[in-house]
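Structure follows, in structure tokens:
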């Protein structure tokens, strides 16, 4: 058994958000799963462009809190493209010990409260 890497946690978060976007009718224009490359999703919905930044967040950090400077930059970039900017924080938690890392091939808890427009 081993802890998931930062990239693996990021991929889980991307999958969580991607499923929601798909279910909500977003059309994927670009997907970037590389860590620290933003935004992760560029989507179209109802003729409007959306830039979405995804972050995997470990306990005890709050997945609804985001880096204001980063999201300000993303918002400016989005406005230049007549797009809307969103943050999607996904909390990933080890259910046996909240302070332990999420383990490969083990259960985990997801805390995701949806997109936050910035």
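Residue numbers (this note's numbering): 1 to 118.
Positions of the beta carbon are idealized from the N, C-alpha and C atoms, including for glycine.
Check: Expressed to the nearest angstrom, what Euclidean distance is found between the alpha-carbon atoms of residue 88 and residue 57?
Finding: The sequence position of residue 88 within the chain shown is 88, counting from 1. The sequence position of residue 57 within the chain shown is 57, counting from 1. Approximately 10 Å between the Cα atoms of the pair.
Check: Just how far apart, CA to CA, sit residue 106 and residue 71?
Finding: On the chain shown, position 106 is the one that residue 106 refers to. On the chain shown, position 71 is the one that residue 71 refers to. Answer to the nearest angstrom: the Cα atoms are 32 Å apart.
Note to self: Checking 7 Å against the spacing of the C-beta atoms, do residue 85 and residue 41 come in under that value?
What the structure shows: Your numbering for residue 85 matches position 85 in the chain shown. Your numbering for residue 41 matches position 41 in the chain shown. For residue 85 and residue 41, no; Cβs fall outside 7 Å.
Next item on the list: Hey, could you find the ends of the alpha helix (DSSP H) residue 18 is sitting in?
Entry: In the chain shown, residue 18 corresponds to position 18, counting from 1. Residues 6-23.
Check: Is it the case that the Cβ atoms of residue 17 and residue 54 are separated by a distance below 7 Å?
Finding: Your numbering for residue 17 matches position 17 in the chain shown. Your numbering for residue 54 matches position 54 in the chain shown. Yes; because the gap between Cβ atoms is below 7 Å, this pair is in contact.
Check: Is it buried or exposed for residue 81, if we count other Cβ within 10 angstroms and need 16 for buried?
Finding: The residue given as residue 81 occupies position 81 in the chain shown. By the 10 Å Cβ count, residue 81 comes out exposed.
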